[in-house]
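Just so you know, the sequences run in chain order L and Y.
Note that the first sequence covers residues 7 to 353 in the working numbering.
Note that the second sequence covers residues 40 to 176 in the working numbering.
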Amino acid sequence: MPARPADAGVYFEQIAEAFDCAVDTQGAVDHHYLVGSNPARLCFAGDALVPRITPALEHLRAPNAHSALAIHLFDSASRNIPLPFPSSEVRAAFEAGEPWIYRDECRRILFDPAFRTLTMLDAERRQAFFWTDDAYRLSYHETSFPLRSLWHWWLRRGGSQLAHAGAVANERGAAVVAGPSGAGKSTTALACLFSPLRYLGDDFVILRSDPQPTVRSLYCSAKLHRDHIHRFRFPAEAITNADRADEKALLFVDRQAADRICLESPVAAFLFPQVDGSGTTRVEALAPGEALRTLAVSTMFMLHDADASDFAQLAAVLRSRPCFRLVLGARIDEIPVVIAELLEKLT
Amino acid sequence: MAVERVFRIPDVVIHQTLDGEAVVINLNNGRYYALNPSGSLVWNALADGHSTAAMARAFVPESSASIERFVDALVEQGLIHEISAAAADSPATPLSSITPFSEPRMEIYTDMERLLPLDPLHEVDERGWPNRKTDPS
Numbered sequence: 007m008p009a010r011p012a013d014a015g016v017y018f019e020q021i022a023e024a025f026d027c028a029v030d031t032q033g034a035v036d037h038h039y040l041v042g043s044n045p046a047r048l049c050f051a052g053d054a055l056v057p058r059i060t061p062a063l064e065h066l067r068a069p070n071a072h073s074a075l076a077i078h079l080f081d082s083a084s085r086n087i088p089l090p091f092p093s094s095e096v097r098a099a100f101e102a103g104e105p106w107i108y109r110d111e112c113r114r115i116l117f118d119p120a121f122r123t124l125t126m127l128d129a130e131r132r133q134a135f136f137w138t139d140d141a142y143r144l145s146y147h148e149t150s151f152p153l154r155s156l157w158h159w160w161l162r163r164g165g166s167q168l169a170h171a172g173a174v175a176n177e178r179g180a181a182v183v184a185g186p187s188g189a190g191k192s193t194t195a196l197a198c199l200f201s202p203l204r205y206l207g208d209d210f211v212i213l214r215s216d217p218q219p220t221v222r223s224l225y226c227s228a229k230l231h232r233d234h235i236h237r238f239r240f241p242a243e244a245i246t247n248a249d250r251a252d253e254k255a256l257l258f259v260d261r262q263a264a265d266r267i268c269l270e271s272p273v274a275a276f277l278f279p280q281v282d283g284s285g286t287t288r289v290e291a292l293a294p295g296e297a298l299r300t301l302a303v304s305t306m307f308m309l310h311d312a313d314a315s316d317f318a319q320l321a322a323v324l325r326s327r328p329c330f331r332l333v334l335g336a337r338i339d340e341i342p343v344v345i346a347e348l349l350e351k352l353t
Numbered sequence: 040m041a042v043e044r045v046f047r048i049p050d051v052v053i054h055q056t057l058d059g060e061a062v063v064i065n066l067n068n069g070r071y072y073a074l075n076p077s078g079s080l081v082w083n084a085l086a087d088g089h090s091t092a093a094m095a096r097a098f099v100p101e102s103s104a105s106i107e108r109f110v111d112a113l114v115e116q117g118l119i120h121e122i123s124a125a126a127a128d129s130p131a132t133p134l135s136s137i138t139p140f141s142e143p144r145m146e147i148y149t150d151m152e153r154l155l156p157l158d159p160l161h162e163v164d165e166r167g168w169p170n171r172k173t174d175p176s
């Protein structure tokens with residue numbers, strides 16, 4: 007067993023050595039992306055993790071260039087590369103299903119036993135690591151929003167904020183669609199896909215308040231209850247996990263309607279869907295306090311290590327634009343019409 | 040004469056106010072709170088370091104009992120800790136009178152408790168890495 011690292015910096019070196027061992031046996035594969043306007047290089051040891059991580063980021067693919075962040079990804083199962091832990095206590099916590107997070111001024115380390123992953127960022131060195139024990143067993147949730155904690159840590163250093171929300175937009179601006187899981191974010195975002203409105207995301211987007219409220223796309227993945235798939239114009243083969251009935255249906259929008267994806271838009275309004283299921287789809291006034299409670303709370307608790315600065319950032323964006331409840335009626339084709347009418351009225 | 044009670048908000052309790060409604064989150068247990076306008080007023084005055092007695096003087100004299108009840112409820116929820124007046128920082132902004140001053144209230148939400156996966160504080164401390172930092176609150 008390796009000696010316990012003296013500090014977080016030494017632990018980063020240990021993980022870098024483990025990654026290098028994985029590369030020695032499996033080779034390295036680089037993929038480049040533009041995430042929140044920042045170039046990032048994902049360097050995979052072998053190709054086992056590539057189909058688990060890259061599809062949701064495909065629409066952000068960028069030419070090879072200087073990267074602001076290098077992310078090194080590997081797993082243990084592919085070539086039996088053991089993962090060093092910071093201490094026996096951390097290993098025991100991980101095996102017992104208890105998450106563990108470390109932070110200092112420029113580094114973050116997260117052991118997430120639910121997803122069987124380790125995520126590490128050294129912002130000063132612009133270097134990150136992602137590990138999972140077995141790429142083939144990686145949760146479909148991670149495939150739908152890969153490297154979520156890493157983007158959260160990295161983007162907020164530049165003034166951007168990950169938000170638990172979707173977004174759709176036209177030339178007038180974007181409606182950010184926020185709410186807890188099950189509120190109707192995916193239904194709303196996907197309903198707009200085959201309309202003049204364009205799609206920025208259905209679960210997590212990047213918000214920025216300065217110099218003007220802006221939303222950027224992060225993932226092109228969409229998760230839907232299997233009972234709801236028939237409501238959208240997706241072919242059966244669009245579902246990438248059709249063989250796993252216990253999971254929500256996972257599809258990637260860029261494979262179905264790449265030209266309907268929008269990468270960035272100024273924010274015109276915040277919408278908070280609420281499934282009614284009957285009557286007409288409509289927008290209603292919503293108290294800003296309720297909007298803050300809904301967007302900020304669900305975001306704060308969906309992101310590991312969110313803190314007061316994240317809360318302040320979300321409040322700052324919400325303060326700047328009107329908030330509405332979007333009551334979802336029986337017909338999903340009304341959704342883009344109602345949103346487009348609202349955007350026209352506001353802009 | 041009202042007692043000059045002052046309080047501190049622990050680091051794990053974060054808050055923002057939008058359109059006069061404060062939202063308070065306890066990162067330790069996943070509970071969050073929506074305060075009505077009077078509750079938000081009291082909360083922000085506490086956050087700024089004002090004493091309950093100063094609030095009663097500034098708002099309306101009849102508000103004293105309401106403020107004390109509300110503050111006790113905040114203490115019970117672990118959202119604030121009473122500290123000695125000597126340990127308190129001077130308030131950054133003066134209080135102004137508010138009318139009408141209704142009963143300060145808070146709604147408590149527990150639906151996020153199930154999503155709380157982490158002990159959020161595993162920071163470096165003097166014992167070295169990766170020991171758990173003791174939460175001073």
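Note that beta-carbon positions come from the ideal geometry of N, C-alpha and C, so glycine has one too.
Predicted model only: the values in this text are computed from it and were never measured.
Taking residue i as part of the alpha helix (DSSP H), name the residues at either end of that continuous run.
| i | result |
| --- | --- |
| R288 of chain L | Unbroken run through R288 of chain L is the beta strand (DSSP E), R288 to A291; no alpha helix (DSSP H). |
| A297 of chain L | P294 to M308 |
| F109 of chain Y | S103 to E115 |
| S187 of chain L | It is not in any alpha helix (DSSP H) - S187 of chain L carries neither H nor E in the DSSP assignment. |
| E177 of chain L | Premise fails: E177 of chain L is in no alpha helix (DSSP H) and is neither H nor E. |
| H158 of chain L | R154 to R163 |
| F100 of chain L | S94 to E101 |
| A322 of chain L | A314 to R325 |
| Y146 of chain L | Y146 to S150 |
Going by beta-carbon coordinates alone, are residue i and residue j separated by less than 8 angstroms?
| i | j | result |
| --- | --- | --- |
| A263 of chain L | L199 of chain L | yes |
| S150 of chain L | A322 of chain L | no |
| V221 of chain L | V259 of chain L | no |
| E142 of chain Y | A73 of chain Y | no |
| L156 of chain L | F136 of chain L | yes |
| A134 of chain L | L55 of chain L | no |
| S326 of chain L | P217 of chain L | no |
| D128 of chain L | A83 of chain L | no |
| A93 of chain Y | I48 of chain Y | no |
| F98 of chain Y | F140 of chain Y | yes |
| V289 of chain L | V211 of chain L | no |
Any heavy atom of the ligand ATP closer than 7 angstroms to the CB of residue i?
| i | result |
| --- | --- |
| R331 of chain L | Inclusion of the ligand ATP in the displayed structure is not the case, the ligand content being empty and no account of it being possible. |
List the residues that DSSP assigns as beta-bridge partners of residue i.
| i | result |
| --- | --- |
| E146 of chain Y | Y:A73 |
| E270 of chain L | L:R222 |
| H120 of chain Y | Y:R47 |
| T125 of chain L | L:L116 and L:F136 |
| V62 of chain Y | Y:Q55 and Y:A73 |
| D36 of chain L | L:C49 |
| C329 of chain L | L:F276 |
| F258 of chain L | L:S227 |
| R214 of chain L | L:T220 |
| L80 of chain Y | Bridge partners of L80 of chain Y: none, in fact. |
| L85 of chain Y | According to DSSP, which records beta bridges pairwise, L85 of chain Y is partnered with nothing at all. |
| Q167 of chain L | L:L213 |
| V41 of chain L | L:N44 |
So residue i packs on residue j, CB below 8 angstroms; how close in whole Å?
| i | j | result |
| --- | --- | --- |
| A62 of chain L | Y205 of chain L | Their Cβ separation, rounded to whole angstroms, is 13 angstroms, which puts A62 of chain L and Y205 of chain L out of contact at 8 angstroms. |
| T114 of chain L | L75 of chain L | Residue identity differs from the one stated: residue 114 of chain L is Arg in this sequence, not Thr. Not quite, the Cβ-Cβ distance comes to about 13 angstroms (not below 8 angstroms), so this is no contact. |
| L334 of chain L | P279 of chain L | 6 angstroms |
| M308 of chain L | H147 of chain L | M308 of chain L to H147 of chain L, Cβ: 11 angstroms. No contact. |
| D128 of chain Y | G88 of chain Y | 5 angstroms |
| S271 of chain L | A180 of chain L | 4 angstroms |
| R295 of chain L | L66 of chain Y | It is Gly, not Arg, that sits at residue 295 of chain L in the sequence shown. 19 angstroms between Cβ atoms; not a contact. |
| L324 of chain L | A291 of chain L | The pair is not a contact, with the Cβ atoms about 15 angstroms apart (cut-off 8 angstroms). |
| E115 of chain Y | A293 of chain L | With 8 angstroms as the limit, E115 of chain Y and A293 of chain L do not qualify as a contact, their Cβ atoms being about 26 angstroms apart. |
For residue i, tell me which candidate among the options has the shortest Cα-Cα distance.
| i | options | result |
| --- | --- | --- |
| F121 of chain L | L:F210, L:L127, L:G335 and L:P152 | L:P152 |
| H37 of chain L | L:A68, L:A54 and L:A22 | L:A68 |
| L89 of chain L | L:L124, L:G190, L:D118 and L:H65 | L:L124 |
| V35 of chain L | L:E101, L:F50, L:F25 and L:I235 | L:F50 |
| D339 of chain L | L:S326, L:G283 and L:R154 | L:G283 |
| W159 of chain L | L:L301, L:P294, L:I21 and L:V41 | L:V41 |
| R70 of chain Y | Y:L57, Y:L85, Y:E60 and Y:I53 | Y:I53 |
| S136 of chain Y | Y:G117, Y:A84, Y:V114 and Y:E152 | Y:A84 |
| W106 of chain L | L:F238, L:A71, L:F117 and L:L203 | L:F117 |
| E347 of chain L | L:R239, L:L203 and L:D249 | L:L203 |
| E243 of chain L | L:S73, L:E253 and L:L257 | L:L257 |
| L352 of chain L | L:A293, L:T287, L:P294 and L:F276 | L:F276 |
| H65 of chain L | L:D316, L:I345, L:D209 and L:S223 | L:S223 |
| D209 of chain L | L:L301, L:R250, L:D233 and L:I235 | L:L301 |
| T60 of chain L | L:R154, L:R239 and L:H231 | L:R154 |
| A189 of chain L | L:A14, L:D30, L:R331 and L:P45 | L:R331 |
State the start and end residues of the unbroken beta strand (DSSP E) segment that holds residue i.
| i | result |
| --- | --- |
| D118 of chain L | R113 to D118 |
| Y205 of chain L | R204 to G207 |
| I137 of chain Y | Premise fails: I137 of chain Y is in no beta strand (DSSP E) and is neither H nor E. |
| H78 of chain L | L75 to D81 |
| I87 of chain L | Counting along the chain, I87 of chain L falls outside any beta strand (DSSP E), and DSSP gives it neither H nor E. |
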